[in-house]
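Here is the structure we will look at, set down as structure tokens.
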Amino acid sequence: MTTDLVLLAILMGAATYPSRAIPLLAPGVERLPPRVIEYLRLVGPAVLAALAATGTMLVVDDARRATFHVGIEWLAVGACLVLVRWRHNLFVGLLAAVAITAVARAIGLA
Amino acid sequence: MAAIAESIGPSRRRLVVDGLGIVASAAGFGLVYGLSARQAGFSLVEAVAMSVLVFAGAAQFAAVGYLGQGLGWPAIVVLTAFLNARHLLYSASLAPWLSRTPRPTKAAMAHLLTDEAFALSIAHFRRIGRADLFGYWYGAIVTTFIPWNVATIGGVLLGGAIADPRSLGLDVVFPAAMAGLALGLTVGRREMVAAATGAAIAVLASLAWDPAGGIILGGLGGPLVAMAIPGTAATTPLPPSPFGDLEAVGRPADPGGDPEIGVAP
């Protein structure tokens, strides 16, 4: 069993850790101006929506080029959103999204 | 403001239920990652080392592709840092909530900070109006780290038994989970504008430039646009103030503090 890539994993982990840790560990965070705290409060919805939108609307090839895509994923994610809003239950929404996608692909609609 | 904060029990129950969706998401993607890693020639130890030490799905998938294309390690490490730069936003967003948490604890929390852990914990903190370390560890370890690593092992060991994971619809779990969690955070006009603008900027920037860069631009630009519109009464608490429970009275308790601290936007 090869272990050559363990070193690469360590290096990749070391490259990732600062972005995760620096703002958390930086002193003075508790003294941020209210406008900055309000901005940071809005980062959550913005980033999560960005991840959702790019994951639904774009296809990224091996060369990391993105192309616009319309497919069953739109309906699946939309159904998930409706269920989350209606039932307040993410798990049910995800089950519906997976079911819609799997069924559509199985019967050749996607 | 304090009156609208949930008590911790119901919020933790909501966290557990939402966490089930994240377990499904992490397990589904971990399985696909394990399959991809095996196909790319990773050994079990190498695939698991990535999932434990990097613990960042997009970067791990990208590394599988980069290695397949023969890209050198230095380039992969640099691209990993760029791809994971969005964690800066998560970390900065969580920092005010965790200002009283011991540094060694925060240093450990940082390694487990992912899209999923951030989404679950920030929603939980907002519901209860303060940080809850149990909530963070639950979101980071129970719903993400463990399923991701177990599924990685499963994917490598199962190998060719699953011909096409996409046919099972597993690829839609991540965007659906992120959309559902974003919806849970959009409780006011500013949050809605931040989410809608962030999504639009991310898609356009990804098409014009780079997918990882697009997500970062969306995360940075959405809140900027939202800040430009008049705020409505906040229905989610701000992070706890170092000057005391300001949100309970809606104005600063410390006359020397900033007059806006604790006031709903």
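Each protein sequence line maps, in turn, to chains A and B.
Read in order, the letters of the first sequence correspond to residues 1 to 110 in my numbering.
Read in order, the letters of the second sequence correspond to residues 1001 to 1265 in my numbering.
Positions of the beta carbon are idealized from the N, C-alpha and C atoms, including for glycine.
Candidates the options, of which the one nearest residue i by Cα
{"i": "B/S1091", "options": "B/H1111, B/V1077, B/P1074", "result": "B/H1111"}
{"i": "B/S1121", "options": "B/R1103, B/R1100, B/P1104, B/L1094", "result": "B/L1094"}
{"i": "B/G1218", "options": "B/M1227, B/P1230, B/W1209, B/A1202", "result": "B/A1202"}
{"i": "B/S1007", "options": "B/H1087, B/R1130, B/L1158", "result": "B/R1130"}
{"i": "B/A1196", "options": "A/D62, A/A26, A/V43, A/I37", "result": "A/V43"}
{"i": "B/P1096", "options": "B/A1027, B/R1126, B/A1140, B/V1023", "result": "B/R1126"}
{"i": "A/D4", "options": "B/G1135, B/A1024, B/W1073, B/A1062", "result": "B/W1073"}
{"i": "B/R1086", "options": "B/S1043, B/L1183, B/A1058", "result": "B/A1058"}
{"i": "B/M1227", "options": "B/A1194, B/V1023, B/A1182, B/L1204", "result": "B/A1194"}
{"i": "B/P1223", "options": "B/A1123, B/G1188, B/W1209", "result": "B/G1188"}
{"i": "B/L1168", "options": "B/R1100, B/G1068, B/V1032, B/A1056", "result": "B/V1032"}
{"i": "B/S1036", "options": "B/T1186, B/A1047, B/A1176", "result": "B/A1047"}
{"i": "B/P1147", "options": "B/F1082, B/R1014, B/A1024", "result": "B/A1024"}
{"i": "A/V111", "options": "B/G1198, B/L1089, B/L1204", "result": "The structure shown does not extend to residue 111 of chain A, since chain A is modelled only from 1 through 110, so no value can be given for it."}
{"i": "B/D1132", "options": "B/V1142, B/L1098, B/N1149, B/L1113", "result": "B/L1098"}
{"i": "A/L8", "options": "B/G1213, B/S1206, B/A1075", "result": "B/A1075"}
{"i": "B/A1081", "options": "A/A15, A/L83, A/I22", "result": "A/A15"}
{"i": "A/L83", "options": "A/G71, A/L40, A/V98", "result": "A/V98"}
{"i": "B/G1068", "options": "B/A1049, B/A1056, B/V1052, B/R1038", "result": "B/R1038"}
{"i": "B/A1266", "options": "A/A102, A/A66, A/G13", "result": "Not covered by the structure: residue 1266 of chain B. The range shown for chain B is 1001 to 1265."}
{"i": "B/G1155", "options": "B/F1042, B/D1018, B/A1179", "result": "B/F1042"}
Supposed contact pair residue j and residue i - C-beta distance, whole angstroms, cut 8 Å
{"i": "B/P1165", "j": "A/V60", "result": "In fact, because the Cβ distance is near 17 Å, the residues do not count as touching under 8 Å."}
{"i": "B/P1040", "j": "B/V1064", "result": "The amino acid at residue 1040 of chain B is misidentified as Pro; the sequence shows Ala. The Cβ separation is near 5 Å, so the contact holds."}
{"i": "A/L90", "j": "B/G1021", "result": "4 Å"}
{"i": "B/A1117", "j": "B/T1144", "result": "6 Å"}
{"i": "A/C80", "j": "A/L94", "result": "6 Å"}
{"i": "B/G1028", "j": "B/L1170", "result": "4 Å"}
{"i": "B/A1119", "j": "A/L48", "result": "6 Å"}
{"i": "A/A50", "j": "B/G1139", "result": "Incorrect: roughly 20 Å between the Cβ atoms, too far for contact."}
{"i": "A/L75", "j": "A/I107", "result": "About 14 Å; that fails the 8 Å criterion."}
{"i": "B/P1175", "j": "A/A52", "result": "5 Å"}
{"i": "B/A1062", "j": "B/L1044", "result": "Not quite, the Cβ-Cβ distance comes to about 20 Å (not below 8 Å), so this is no contact."}
DSSP beta-bridge partners of residue i
{"i": "A/A66", "result": "A/V60"}
Element boundaries [alpha helix (DSSP H), containing residue i]
{"i": "B/R1190", "result": "1189–1208"}
{"i": "B/W1097", "result": "Run containing B/W1097: none; DSSP gives neither H nor E here."}
{"i": "A/T101", "result": "90–106"}
{"i": "B/L1220", "result": "1211–1227"}
{"i": "B/R1166", "result": "No alpha helix (DSSP H) contains B/R1166, which DSSP labels as neither H nor E."}
{"i": "B/L1181", "result": "1173–1185"}
{"i": "A/L109", "result": "Element bounds for A/L109: n/a, residue is neither H nor E."}
{"i": "A/E73", "result": "72–87"}
Where are the alpha helix (DSSP H) runs, 4 residues long or more, that stay fully inside the segment 1128–1158 of chain B, in chain order?
1133–1137, 1146–1158
Output the residue ranges of the alpha helix (DSSP H) runs that lie fully inside the segment 1018–1105 of chain B and measure 4 residues or longer, sorted by chain position.
1044–1049, 1057–1068, 1073–1083, 1087–1094
Please go through the segment 23–60 of chain A and give each complete beta strand (DSSP E) segment of 3 or more residues, from N-terminal end onward.
58–60, all fully within the segment 23–60 of chain A.
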